[in-house]
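Just below is one structure, and these are the notes that go with it.
Residue numbers (my numbering): 1415 to 1935.
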C-alpha cells in the first residue's frame, strides 16, 4: 500500500508530453477559429446574387431620389446612372423653291428687252416667289402673265452718292434684299439677288443652297472673271449680275443696319460693293461658288463654257454683251431657250459638265460639254490642257490680255490642223433603254461663214471630213452634286471609218466614272 501511494505522486514522462502539446495547440486553435469567423463576417461577395440585383433595381425604380440619397448603403452599392444626353435637333426639311425669294433688279427703259430672259427661267407653276424691282412703274400690259410681280423701289434721293462715273441707281438696287425682307413673306430661307439679264438654273441653285445651313449667316456668290475688276472692287465681293444668295438670318441683320451703312459709303460705285461693305461691317465673308457667273468678258463664251468648272452651273449674265450661246440661233434669248427646253429640262445637274475621252483608232481627243458642244481635235491632248479654258473671249476692256483674267487660260491653236471641229447642240430627247431612262443629245457640225480648212499632211484623219454629227447618250443624274466633285467619263462607242460616207456619226456614252477609269489614251 505504501508503495502504490508513493508511485501515484510522480507523473510519467508520456503524460507530461501530452499535456504540453495540448497547452500549445489550444491557443492556436482559438486564434484560428477567431480569424475564420472574422473573415466570414466581414467579407462581401464580389457579385451580388441575381435576386439581390433585381431587388435593388426595383427599389431604384420605385423610390424617389431623395430616399435613395439618404440610404447610404444603397447609394454606395448602386450609384445613379448619368443623365441621358438631350436628343439632337431634328434636321430641317429639304430646301425647295418655296423657301427661296428672288429679287430681280430691272429698269423700265430696258424692260421690254430684258423680260425675255426672265420668261425662260422663271417657273410660275413651280412655287417660285420673287419680285421685279423697277425704278419707276411700267404699263400692266407689259408684264405678261407668268412673270413675277413688279414693284417700284422706294425713294433713295436722301442717300448721298459721290462717285463721278457711276449712277445713283446703285443705291436703289443695293436695297432690294432689304425691301424684299420687309414684305414679311413666310417660310423664307434664302434671298437671291440678280439682274434682269441674269439667267438662273433653279434646280442647280437649290443644289448649292441645300448643302448649307440656312439658319446660319451666309453670303454666297462669286467674284468677277476679270482680274482688273476684282482689283478695282474686291475679290471678296459677290458680283450682283452673276447673282448672290443671302440666308434669312443675315438678311434680317442687313435690313436693320443697311440704310446707316449705305450713308457711310457715298463714294462707292455700284450696288454690289455697297452690299459687300455692309457684309464687312457684319463680319460675314463671301462664300465663293464657281457656278455663279458674272461674265465680265466680250466675245464668245465657248472657251469658258466648254471647260466649265466641276460645279453646278447656277447662273449666266451679260448675255446681251457676248455672242449667242449657239451661233446658229435666231437670237440670244432663243439660244438660251434651246438650252433650257432641252438639257436643263432633261438633266439640269449635268448641264455644261465636261467629259474628256479619246478615239484610240483615229487618235482623236474628244471633249463633251454636255448640253452645249462637243469638240473633236486631232492628236492626243492631255486632260490638264483640255480642262483649261481657251481664249475665245476678250477681257472686260476689250483686250486680248490673258493676264487680266482671274483664272488660267490657254491660247487658241494657230495651226489649222490643230483646231478642233465644233459640234453644237441641235436636239435633245428622253429615251428608254435596258438600264432605264436615259437622254440622247445630238450635236451638229458648225462651220464659220466662208470657213475653209486647208489640207493637212498629218496621218491622223480630219474629223471635219469624217463627222457630221455626234450622238451622246447619258443617264440623268440628279444626285450628281451630292457626291464629291469629279468629272464624268465619256466612252467612244462608235465612230465612222475612213471612206464611210453613209454613216458620219460618232456615238458617245457619258456617265459616272468607274473606279478603274482614267482619262488617258
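Heads up, the beta-carbon is just placed ideally off N, CA and C, and yes, glycines get one too.
Between the alpha carbons of residue 1793 and residue 1933, how many angstroms are there, rounded?
When the Cα atoms are used, residue 1793 and residue 1933 turn out to be separated by approximately 14 Å.
For the beta strand (DSSP E) containing residue 1609, name the first residue and the last one.
1604-1609
Taking the beta carbon of residue 1630 as the centre, do at least 16 other beta carbons fall within 10 Å, making it buried, or is it exposed?
exposed
Tell me the rounded alpha-carbon separation between residue 1752 and residue 1555.
One Cα belongs to residue 1752, the other to residue 1555, and the distance between them is close to 27 Å.
For residue 1628, name the three-state secondary structure that DSSP assigns.
coil
Can you grab the Cα-Cα spacing for the pair residue 1531 / residue 1499, in whole Å?
So the alpha carbons of these two residues sit roughly 53 Å apart.
Reducing DSSP to helix, strand and coil, say where residue 1507 ends up.
coil
Indicate whether the contact test is met: 3 or more Cβ pairs, each with one atom in the segment 1767-1780 and one in the segment 1714-1731, closer than 8 Å.
yes
Here's a check: name, in chain order, each residue in its chain whose Cβ is nearer than 6 Å to the Cβ of residue 1882, leaving out the five neighbours to either side.
1859 and 1918
May I ask which residues mark the beginning and end of the alpha helix (DSSP H) holding residue 1689?
Run containing residue 1689: 1685-1696, per the alpha helix (DSSP H) assignment.
Would you call residue 1693 buried or exposed, if buried means 16 or more other Cβ atoms sit within 10 Å of its Cβ?
buried
Apart from the five residues on each side of it in sequence, which residues of its chain come closer than 8 Å, Cβ to Cβ, to residue 1850?
1889
By the three-class DSSP mapping on this structure, what secondary structure does residue 1851 have?
It is a strand residue.
Evaluate residue 1452 with the Cβ neighbour count: other Cβ atoms within 10 Å of its Cβ, from every protein chain shown; 16 or more gives buried, anything less gives exposed.
exposed
Would residue 1785 pass as a contact of residue 1839 if the rule is Cβ separation under 8 Å?
yes
Note down, one range per segment and in chain order, each beta strand (DSSP E) of at least 3 residues found wholly within the segment 1760-1797.
1768-1773, 1778-1783 and 1787-1792
Please classify residue 1600 as buried or exposed, where buried requires at least 16 other C-beta atoms within 10 Å of its C-beta.
exposed
When the Cα atoms are used, what is the spatial distance from residue 1656 to residue 1758?
Rounded to the nearest whole angstrom, the CA to CA distance from residue 1656 to residue 1758 is 18 Å.
For residue 1928, collect the residues of the same chain with a Cβ closer than 8 Å to its Cβ; drop the 5 residues on either side in sequence, then sort them by chain order.
1903
Rounded to whole angstroms, what is the Cα-Cα separation between residue 1854 and residue 1876?
25 Å
Is residue 1884 near residue 1923, with beta carbons less than 8 Å apart?
no
Spell out the partners DSSP gives residue 1837 in its beta bridges.
Per the DSSP secondary-structure output, residue 1837 pairs in a beta bridge with 1788 and 1859.
Is there contact between the segment 1538-1555 and the segment 1645-1652, where contact requires at least three CB pairs shorter than 8 Å?
no
Do residue 1856 and residue 1841 have their C-beta atoms closer together than 8 Å?
yes
Is residue 1904 helix, strand or coil when you go by DSSP?
Residue 1904 falls in the strand class under three-state DSSP.
Using only the alpha-carbon positions, how far apart do residue 1683 and residue 1578 sit?
If I take the Cα positions, the gap works out to 9 Å.
If we ignore side chains and look at the alpha-carbon of each, how far apart do residue 1943 and residue 1905 end up?
What is shown of the chain runs 1415 to 1935, which leaves residue 1943 out entirely.
Comparing alpha-carbon positions, which option in 1678, 1688, 1633 and 1621 lies nearest residue 1663?
1633
Counting Cβ pairs, one atom from each stretch, are 3 or more of them under 8 Å apart for the segment 1742-1756 and the segment 1795-1805?
Touching, no.
When you compare each of 1818, 1552, 1625 and 1516 to residue 1898 by their alpha carbons, which one comes out closest?
1625
Quick check: residue 1754 and residue 1590, are their CB atoms within less than 8 Å of each other?
no
Between which two residues does the alpha helix (DSSP H) carrying residue 1595 extend?
1590-1595
Pull up the distance between the alpha-carbon of residue 1715 and that of residue 1658, whole angstroms please.
Looking at the two C-alpha atoms, the distance is approximately 21 Å.
Can you name, in chain order, every residue of its own chain whose Cβ lies under 8 Å from the Cβ of residue 1704, other than the five neighbours on each side?
1636, 1723 and 1725
Looking at residue 1728: is its Cβ nearer than 8 Å to the Cβ of residue 1614?
yes
Locate the alpha helix (DSSP H) running through residue 1533, then write down its first and last residues.
1525-1535
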